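Right, one structure below, let's go through it.
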Amino acid sequence: MRADDATALAYLYASMLFVRKFEEAAQSSFLRGLIFGSIHLAMGQEAVSAGVCSALRQGDLVAATYRGHCQALSLGVDPTAFMSELMGKETGICGGRAGSMNIADPKHGLLGCFGIVGGSIAAATGAALTQKIMKTGHVAVAFFGDGAANQGYFLECLNFAAVRRLPVLFVCENNGYGEFTATGAVTAGSIASRPRAMGIWTREADGQDVAVVGNVASDALGHVRAGGGPAFVEAFTYRYNDHARGDPVNYRPMGEMERWKSRDPIAIGRNRALDAGASPAVLDHLDEIVAGRVKKVVRQAKDAPMPSLHHLRSIAEFFPSGDKAAHVED
Amino acid sequence: MSKTDFRSAVRDAISEEMRIDPTVVLFSEDVGAAGGVFQATRGLRELFGDERVFDTPISELALAGAAFGAAISGLRPIIEVMFGDFTPLVMDSLINQAAKYQFLTGGSCGVPLVVRSAVGGGGRFGAIHSQIPAPWLNNVPGIKIVAPSTPSDARALLRSAIRDDNPVVFLEHKRLYNLQGECRDEAVAIGSATVVRPGRDVTIAAVMTDVHKALSAADRLAHDGVSAEVIDLRTLRPLDLDTVVTSAKRTGKLVVVEEGPRTGGWAAELVASVSEQFGDITVWRVTSPDRPLPYSPPLEDATLPSAERIAESVLEKLRVSVNANKSRSGR
């Protein structure tokens, strides 16, 4: 993407704003008891997935994490079906079986939002193996947090992908905290130095600036598509919200949140679009469209029915046969 | 029909499926150039090339995770967990990813993944290279567990496993690799048990090496005038309850032989399920005790189920029931 492409930047701005408004609506729905269990919000991190996904092509595959609303929406997953899933509705992407933490939508290139830290790295590595063996020309992308850099999957899959020269892009969204604990307190050395030590193409990037992320992702994907093996991008960003319900929110130093909020990815994205020549009136109009669309999404999801219990029987149908004892209640 | 050994039957099954289906791939530690530590994949890399048959790092998280990712995106990967004892290292991918994916996607996206593993005791490999991981996985809906006892079933069931759209754990008992047998050219469905010796007085159900021990126990029992029916379950999940219940209803007695420790084993599941369906029956288990398997030959041999222990347990139960009948009729 060129930094002077006003249309592309206006689109990215609007898509980030949509994710922000969607998550604000999800948060208030959660607080009103319309969303259950736990949701993991990514407000403040929108530029990373918007930038990377802007560089993808139809047929590329993405593995995200339980904090995966950004990636799903950036990939074009139907937002009403997505919100419905969060609300446990029959019309949800996974029929209410998944919830926020486990959504998968292979039709839209979303392999899944993996609930185990590091799981996305493994899924994308395998998907990249398929692309290589089947010679599809597509790539797989793994999104994961800084916390995953200390999981076994990280070392093992990076090594595996490097020795097999797999077409996979690893995107570390370093938001400074693994759940409640500061990254630096539990992470030896720098994260990006780890793929570098394996000879993997690696860049660090300002994760708050969608144009920067988009350009770095384009370079990385160029390397991957040219058959150079995996690439790695560490994007520095920040999570505004608590990790999830039950987070004591007492671990951030004074002033840190304010410093990061002064570099909000959506404000930066808007300025990027304006600098490239987008008109303020057009961006204001996009603001209105986004607000109206999110309201509609929430209303439709809220009005959708909860799943009826006969769905339990259809679950049994696509499960391995012979588990007769488990079917007794049907 | 041709005669072959168990190890070649495994290799033939993979080779035949790879020839038919270009999406079948095989990768794991030492399976390519070396042909596997048990030589069950020898020659496959030469036949199908390094793209489809390749060696991986000693990296179970990566190879199981990659197998899952490959399975949901268009390949039918086969991986080998060199010893069943290493299964805990692949359990996150199996349990949290592979076994849930059909559920999450509403059955629209299969997970055609086969995890082969060399398992079982009797080889003097000690406590951490002899376990059978079936009970660790048995509590996970969505995983199938296959455990053949003959070369013929190994070949047929591995072909079925590769064609299955669910994750299948395929157990290969180390003590069976050299077993010779006739290879029938017939398909065997996962989840079907078979009666390998008909009998009247007692039903013995087992898998893998224990099927052969049960058959030799049945020979001994025949000398004592006891007619034992032996069932080779062949699949541990899903269990073929119909075949077991039909037999046990006729004999009135069911003994399940499980090589591993007693508590929480698959045999417990089988006797519970049979009892629920058919209460008027004597059921018991012959298993290893609840402790790790010792290395030293006399200690290992005394720990594992044997033909003698199976036969003795049957005679003991029959004596008990004969005595009970006597005392009942004497009243």
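Just so you know, the sequences run in chain order A and B.
Residue numbers for the first sequence, in my numbering: 1 to 330.
Residue numbers for the second sequence, in my numbering: 331 to 661.
Each residue gets a CB set at the ideal place from its N, CA and C atoms; glycine is no exception.
Here the structure is a predicted model, which means the values were calculated and not measured.
TODO: Output, in sequence order along the chain, the residues in the region 152-170 of chain A whose CB is closer than 9 Å to any CB in chain B.
DONE: G152, Y153, L155, E156, C157, L158, N159, F160, A161, V163, R164, L166
TODO: Note down, in chain order, each residue of its chain lying with its Cβ closer than 8 Å to the Cβ of B:T664, except the 5 sequence neighbours on either side.
DONE: Here chain B comprises residues numbered 331 to 661, so residue 664 of chain B is not present and cannot be evaluated.
- [ ] Put B:V650 into one of helix, strand or coil per three-state DSSP.
- [x] As a working note, residue 650 of chain B is residue 320 in the second sequence. Note: B:V650 maps to helix in three-state DSSP.
Task: Residue-level contact to chain B via CB, A:A63, 9 Å cutoff - done: On the first sequence, position 63 is the one that residue 63 of chain A refers to. With 9 Å as the cut-off, A:A63 counts as an interface residue toward chain B.
Task: Contact with chain B by A:I103, beta-carbon distance below 9 Å - done: The count along the first sequence starts at 1 and reaches residue 103 of chain A at position 103. A:I103 counts as touching chain B.
Task: Alpha carbon of A:Y238 to alpha carbon of B:T480, nearest angstrom - done: If you number the first sequence from 1, residue 238 of chain A lands on position 238. If you number the second sequence from 1, residue 480 of chain B lands on position 150. Rounded to whole angstroms, A:Y238 to B:T480 spans 58 Å at the Cα level.
Open item on the list: For A:K296, report the span of its alpha helix (DSSP H) as first-last.
Closed with: One-based indexing of the first sequence puts residue 296 of chain A at position 296. Unbroken alpha helix (DSSP H) run through A:K296: 280-303.
TODO: Could you name the residues of chain A that B:E381 contacts, counting a contact when the two beta carbons are closer than 9 Å?
DONE: Taking the first residue of the second sequence as 1, we reach residue 381 of chain B at position 51. Under the 9 Å cutoff, chain A gives K132, I133.
- [ ] For chain A, find out if any of its Cβ atoms is closer than 9 Å to the Cβ of B:I492; answer yes or no.
- [x] On the second sequence, position 162 is the one that residue 492 of chain B refers to. Cβ-Cβ to chain A under 9 Å: no for B:I492.
Open item on the list: Is A:R299 near the ligand COA - that is, is its Cβ less than 8 Å away from at least one heavy atom of it?
Closed with: Annotation note on the ligand COA: not contained in the displayed structure, which lists no ligands.
- [ ] Within the same chain, show all residues whose beta-carbon is closer than 6 Å to that of B:A362, passing over the 5 residues directly before and after it, in chain order.
- [x] Numbered from its first residue, the second sequence carries residue 362 of chain B at position 32. Note on residue identity: the sequence assigns Gly, not Ala, to residue 362 of chain B. Take B:G362, set aside five residues on each side of it, and the residues of its chain with a beta-carbon closer than 6 Å to its own are R375, V383, F384, D385, in chain order.
Task: A:I289 classed as buried or exposed, judged by whether at least 16 other C-beta atoms fall within 10 angstroms - done: Against the first sequence, residue 289 of chain A aligns to sequence position 289. Label assigned to A:I289: exposed.
- [ ] Tell me whether A:E173 is buried or exposed, calling it buried when 16 or more other Cβ atoms sit within 10 Å of its Cβ.
- [x] Along the first sequence, one-based indexing puts residue 173 of chain A at 173. Classification for A:E173: buried.
TODO: Closer than 8 Å, Cβ to Cβ, to anything on chain A: give me those residues from the region 409-424 of chain B, in chain order.
DONE: D422, S423
Task: Minimum Cβ-Cβ distance from A:R97 to chain B less than 9 Å - done: Against the first sequence, residue 97 of chain A aligns to sequence position 97. Cβ-Cβ to chain B under 9 Å: yes for A:R97.
Open item on the list: Quick check: the Cα distance between A:F154 and A:I121, rounded to an integer number of angstroms?
Closed with: Numbered from its first residue, the first sequence carries residue 154 of chain A at position 154. Numbered from its first residue, the first sequence carries residue 121 of chain A at position 121. Rounded to whole angstroms, A:F154 to A:I121 spans 7 Å at the Cα level.
- [ ] Run the CB neighbour count on A:A301, radius 10 Å, all protein chains shown included, and call it buried at 16 or more, exposed below.
- [x] Position 301 of the first sequence, counting from 1, holds the residue named residue 301 of chain A. Classification of A:A301: buried, given that the 10 Å Cβ count is 16 or more.
Task: Residues that DSSP places opposite B:Q510 in a beta bridge - done: As a working note, residue 510 of chain B is residue 180 in the second sequence. As DSSP reads the structure, B:Q510 sits in a beta bridge with B:D335.
TODO: Could you tell me whether the region 12-30 of chain A touches the region 183-203 of chain A, where touching means 3 or more Cβ pairs closer than 8 Å?
DONE: no
Task: Close beta carbons around B:D620, own chain, < 8 Å, minus the five adjacent residues each side - done: Numbered from 1 along the second sequence, position 290 holds the residue referred to as residue 620 of chain B. Same-chain partners within the cutoff: P591, R592, T593.
Task: Classification of B:K583 by the beta-carbon crowding that lies within 10 angstroms, buried from 16 upward - done: Numbered from 1 along the second sequence, position 253 holds the residue referred to as residue 583 of chain B. The residue is buried, with at least 16 neighbouring Cβ atoms inside 10 Å.
Task: Closer than 7 Å at the beta carbon, the chain B residues around A:L309 - done: Locating residue 309 of chain A in the first sequence gives position 309, counting from the first residue. Residues of chain B passing the Cβ test: none, with the nearest at roughly 16 Å.
Task: Pairwise C-alpha distance: B:L566 and A:G227 - done: Numbered from 1 along the first sequence, position 227 holds the residue referred to as residue 227 of chain A. Numbered from 1 along the second sequence, position 236 holds the residue referred to as residue 566 of chain B. Answer to the nearest angstrom: the Cα atoms are 43 Å apart.
Task: Residues, ordered as in the chain, of the region 435-454 of chain B that lie near chain A by beta-carbon distance below 7 Å - done: T435, G436, G437, C439
Open item on the list: Would A:T125 and B:A396 qualify as a contact pair, given that the criterion is a beta-carbon distance under 9 Å?
Closed with: Taking the first sequence and counting its residues from 1, the one referred to as residue 125 of chain A is at position 125. Taking the second sequence and counting its residues from 1, the one referred to as residue 396 of chain B is at position 66. Yes, these two residues count as a Cβ contact at 9 Å.
Task: Residues sharing a beta bridge with B:E502, DSSP - done: As a position in the second sequence, residue 502 of chain B is number 172, starting the count at 1. Paired residue(s): B:A448.
Task: Beta carbon proximity, A:A231 to chain B, threshold 9 Å - done: Start at 1 with the first residue of the first sequence, and residue 231 of chain A comes out as number 231. Closer than 9 Å: no.
Open item on the list: Taking its Cβ as the centre, do 16 or more other Cβ atoms sit within 10 Å of A:D267, making it buried, or is it exposed?
Closed with: Looking up residue 267 of chain A in the first sequence gives position 267. Looking at the sequence shown, residue 267 of chain A is not Asp but Ala. Residue burial is scored here from C-beta neighbours: A:A267 has fewer than 16 other C-beta atoms within 10 angstroms and is therefore classed as exposed.
Task: the region 264-281 of chain A touching the region 36-55 of chain A, judged by at least three CB pairs closer than 8 Å - done: yes
- [ ] Between the Cα of B:A364 and those of B:D351, B:V354, B:D380, B:R349, spot the shortest distance and give me the residue it belongs to.
- [x] Against the second sequence, residue 364 of chain B aligns to sequence position 34. Per the Cα distances, B:D380.
Task: chain B contact for A:P106 (CB, 9 Å cutoff) - done: As a position in the first sequence, residue 106 of chain A is number 106, starting the count at 1. Closer than 9 Å to some Cβ of chain B, the Cβ of A:P106 qualifies, so yes.
Open item on the list: Measuring alpha carbon to alpha carbon, tell me which residue in B:C513, B:V556, B:E588 is nearest B:R287.
Closed with: Since the first residue of chain B shown is 331 and the last is 661, residue 287 of chain B is not available in this structure.
Open item on the list: Please report the distance separating the alpha-carbon of A:R313 from that of A:K295.
Closed with: By 1-based counting over the first sequence, the position of residue 313 of chain A is 313. By 1-based counting over the first sequence, the position of residue 295 of chain A is 295. In a straight line, the C-alpha of A:R313 is about 34 Å away from that of A:K295.
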